[in-house]
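Here this note's numbering is used: position 274 in the sequence shown is 274, and no number is missing along the way. Cβ coordinates follow ideal geometry from the N, Cα and C atoms, glycine included. As the structure is a computational prediction, the values presented were derived from the model and not from experiment.
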Amino acid sequence: MFGSLPLPPRRYLPASVRLDRLADLEACYGELGARPLPADDPWILEQWLRDWSELESHLSEAQARRQIASSCSADDLEAARAWLVHVDVLGPACKPLRHALARRLVEHPAAARLPPGHACALAVLRNRVDLWRPGLAPLEVAEQHLCAEYGRLRAGMQAAWDGADAPLTHVERSEDDLDRGRRETAWRTVAASFRAAKPELDHLFDRLLANRRAQAAAAELPDYRAYRFRRLDRLAYGPRECLALHDAIAAEFVPLAGRVLRRRAAALGLPALRPWDLAVMPGGPLASFTREEQLIAGCTRAFEAVDPELARQFSVLAEHGLLDLMSRPGKAPGAFQVHLDASGLPFVFAGAVGRHEDLLTVLHEAGHAFHALACAADPLIWNRGPPIEFCEVASMGMELLGGRHLGAFYDADACTCAARHQLEQLVLFLPHAAAIDAFQHWVYTRPEQARDPQARDAAWLAQHRRLCPGVDWSGLDDDRAALWQRRLHVFELPFYYIEYAIAGLGAVQLHRRALAEPAAAVADLRRALALGARARLPDLFAAAGLHFGTDRSSVRRAADACRELLDL
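Next comes the structure, spelled out in structure tokens:
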């Protein structure tokens with residue numbers, strides 16, 4: 001792993017300060033809170049801000065290293081305990097100290113005369129100051145414990161497969177098998193595991209729902225949706241725009257998805273598609289790799305074709321042990337990229353088992369890593385955290401850009417087939433993303449109804465039937481009703497899913513442009529990535545040569561691009 005990566009140097013923080021000792025952190029926050037800041041000197045305020053940023057960067061990295069350790073070895077109790085020190089002790093204790101500094105900053109007379117590049121960060125900090133309430137901290141800690149419980153439950157889910165107990169990720173790899181009987185068996189095996197776990201998952205979600213209602217009450221907001229949109233720093237759009245996006249996707253992408261499904265059914269020689277027919281390629285699955293070295297080398301070649309600098313950056317991550325990409329027993333499920341803020345380096349985590357989808361996952365998380373590297377030099381940690389929606393443009397865009405250059409894994413015909421399949425999957429994904437988001441709008445604005453597990457399932461089914469038609473689910477109503485429980489985001493990252501839809505619309509635009517003018521498209525993208533959080537979301541899209549919008553005309557642009565690229 002990254003254990004050999006040296007700890008970053010400190011400029012403001014004394015070397016004696018331990019980042020896992022609360023008294024040391026309280027002393028650092030105390031010094032920053034007491035330091036004189038003349039009202040008429042923005043330069044002194046800027047230096048103070050940089051010192052505060054250094055503290056937050058080192059603390060963030062210490063927390064990230066422990067998160068990585070507990071994810072890479074989910075069964076390591078010592079790693080879990082070290083991570084919980086941050087969750088249970090340091091995080092809650094530092095929140096009021098951090099809030100006091102943020103309030104001091106946004107209320108300081110010289111804040112308005114800081115460099116213009118800090119304006120977006122100041123807007124975010126002002127939003128967080130306005131939102132902060134002392135009663136939220138213990139609720140957030142409890143929520144993190146419940147989310148960790150979901151992670152442990154998912155990590156422990158296994159099923160009998162090929163004569164042995166196997167993680168569900170290993171069973172799922174057969175869902176794209178050309179043998180329809182085998183992929184049906186794989187799909188039903190996974191579905192049975194979730195059916196068996198459903199009572200436990202329902203109970204866990206009940207507790208999360210109660211916790212989140214309490215958060216909304218503590219924040220003095222009408223419901224959790226209102227609180228969560230503020231908590232996610234969504235300053236460019238709100239619930240109304242999300243609901244409009246659901247409708248626009250229903251109008252523009254659902255018919256397009258129907259065409260993709262009908263063409264896939266014809267290619268497979270089937271009268272109708274069943275749920276286990278959605279991942280398979282008509283030519284059969286693409287056997288990609290068996291070892292992490294193959295995966296890294298092949299992805300490096302793909303990045304080389306997109307931009308040589310990206311390939312160099314990916315190689316640096318590999319050299320420093322900042323890639324942990326293969327599935328293994330005891331490793332947490334999922335995939336993520338986390339930034340080591342003080343070192344200026346990202347860490348990429350995945351659970352690959354050799355499927356084509358694993359390649360796309362690594363391309364996706366590498367896109368986040370390239371984004372982190374592009375803005376790593378900014379001295380302020382708040383400028384290194386761009387709006388999530390544009391972070392996902394970087395990652396979903398990299399899937400499409402890099403996905404055209406997988407010659408290290410496939411021959412030319414297979415590469416063409418894979419690129420087409422990937423774009424088809426995006427067309428199918430956008431309605432699914434809208435369904436997940438619409439379901440959460442229902443859950444968190446109707447909390448009394450949402451307390452009933454059957455009502456939740458019915459609400460999910462209504463959205464799924466509206467936005468994801470075209471598949472024969474006969475005899476599988478219970479499994480369809482429980483699909484939402486497979487989405488980690490619904491449990492651990494509420495309302496963090498519409499970002500994928502917004503970013504997918506941007507990624508399609510990027511893909512289309514890169515086919516026409518690859519050098520200019522990539523150059524503009526990298527310039528936009530380097531802006532970090534120093535520009536508003538619409539301006540970041542514009543800097544990359546893309547259009548931001550949630551209305552039907554904006555969605556139609558992306559749908560037209562997909563229709564053209566897929567000859568539909």
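Burial state of residue i (16 or more Cβ within 10 Å)
{"i": "Thr550", "result": "buried"}
{"i": "Ala361", "result": "Ala is not the amino acid found at residue 361; the sequence shown has Thr there. It counts as buried."}
{"i": "Asp162", "result": "exposed"}
{"i": "Ala251", "result": "exposed"}
{"i": "Trp83", "result": "buried"}
{"i": "Thr300", "result": "buried"}
{"i": "Ser57", "result": "buried"}
{"i": "Trp43", "result": "exposed"}
{"i": "Arg424", "result": "The residue you asked about is not Arg; residue 424 is Glu in the sequence shown. Glu424 is buried by the Cβ-count criterion."}
{"i": "Gln63", "result": "buried"}
{"i": "His145", "result": "exposed"}
{"i": "Arg18", "result": "exposed"}
{"i": "Phe354", "result": "It should be pointed out that residue 354 corresponds to Gly in this sequence rather than to Phe. Gly354 should be labelled buried."}
{"i": "Asp477", "result": "exposed"}
Cβ pair residue i, residue j closer than 8 Å
{"i": "Val393", "j": "Leu261", "result": "no"}
{"i": "Asp341", "j": "Ile381", "result": "yes"}
{"i": "Pro329", "j": "Leu373", "result": "no"}
{"i": "Leu49", "j": "Leu105", "result": "yes"}
{"i": "Ala533", "j": "Pro386", "result": "yes"}
{"i": "His464", "j": "Arg225", "result": "no"}
{"i": "Phe370", "j": "Phe349", "result": "no"}
{"i": "Leu131", "j": "Ala219", "result": "yes"}
{"i": "His364", "j": "Leu286", "result": "no"}
{"i": "Gly298", "j": "Ala408", "result": "yes"}
{"i": "Phe429", "j": "Cys147", "result": "no"}
{"i": "Ile296", "j": "Leu268", "result": "no"}
{"i": "Leu153", "j": "Ala197", "result": "yes"}
{"i": "Glu26", "j": "Leu97", "result": "yes"}
{"i": "Tyr227", "j": "Ala210", "result": "no"}
{"i": "Leu256", "j": "Ala123", "result": "no"}
{"i": "Leu5", "j": "Gly321", "result": "yes"}
{"i": "Ala74", "j": "Ala332", "result": "yes"}
{"i": "Pro447", "j": "Arg113", "result": "no"}
For residue i, the three-state DSSP class (helix, strand or coil)
{"i": "Trp473", "result": "coil"}
{"i": "Met398", "result": "helix"}
{"i": "Asp539", "result": "helix"}
{"i": "Asp324", "result": "strand"}
{"i": "Gly351", "result": "strand"}
{"i": "Trp161", "result": "strand"}
{"i": "Val338", "result": "strand"}
{"i": "Pro9", "result": "coil"}
{"i": "Pro431", "result": "helix"}
{"i": "Pro346", "result": "strand"}
{"i": "Ala544", "result": "coil"}
{"i": "Pro271", "result": "coil"}
{"i": "Ala481", "result": "helix"}
Beta-carbon proximity list for residue i, same chain, < 8 Å, skipping 5 on both sides
{"i": "Glu149", "result": "Leu204"}
{"i": "Trp276", "result": "Glu175, Arg180, Arg183, Glu184, Ala186, Trp187 and Arg188"}
Own chain, CB closer than 6 Å to residue i, minus 5 neighbours either side, in chain order
{"i": "Pro453", "result": "Asp202"}
{"i": "Val171", "result": "Ala159, Trp161, Ala186, Thr189 and Val190"}
{"i": "Asp524", "result": "Ala544 and Gly545"}
{"i": "Pro92", "result": "Ala137 and Val141"}
{"i": "Pro308", "result": "none"}
7 Å Cβ shell around residue i - same chain, five flanking residues per side excluded
{"i": "Glu389", "result": "Glu499, Ile502, Ala503 and Leu537"}
{"i": "Met326", "result": "Glu292 and Ala352"}
{"i": "Leu125", "result": "Ala102, Leu105, Val106 and Trp382"}
{"i": "Arg128", "result": "Ala102"}
{"i": "Trp52", "result": "Leu32 and Leu101"}
{"i": "Cys468", "result": "Pro431, His432 and Ala435"}
{"i": "Gln313", "result": "Phe370 and Leu373"}
Closer than 8 Å to chain D by CB, residue i
{"i": "Ala530", "result": "Note that chain D does not occur in the displayed structure, where there is just one protein chain."}
Residue i: CB within 7 Å of a non-hydrogen atom of the ligand MG
{"i": "His356", "result": "The ligand MG is absent from the structure shown, which contains no ligands of any kind."}
Three Cβ pairs or more, each shorter than 8 Å: is that satisfied between the stretch 395-408 and the stretch 502-517? yes
With a threshold of 8 Å, are at least 3 pairs of Cβ atoms found where one atom belongs to the stretch 437-448 and the other to the stretch 485-501? yes
Taking one C-beta from the stretch 403-411 and one from the stretch 260-275 each time, how about it: are there three or more such pairs within less than 8 Å? no
Counting Cβ pairs, one atom from each stretch, are 3 or more of them under 8 Å apart for the stretch 414-433 and the stretch 519-530? no
Are the stretch 476-487 and the stretch 444-460 in contact at 8 Å, needing three or more beta carbon pairs? With a cut-off of 8 Å, the stretch 444-460 and the stretch 476-487 count as touching, because enough Cβ pairs lie within range.
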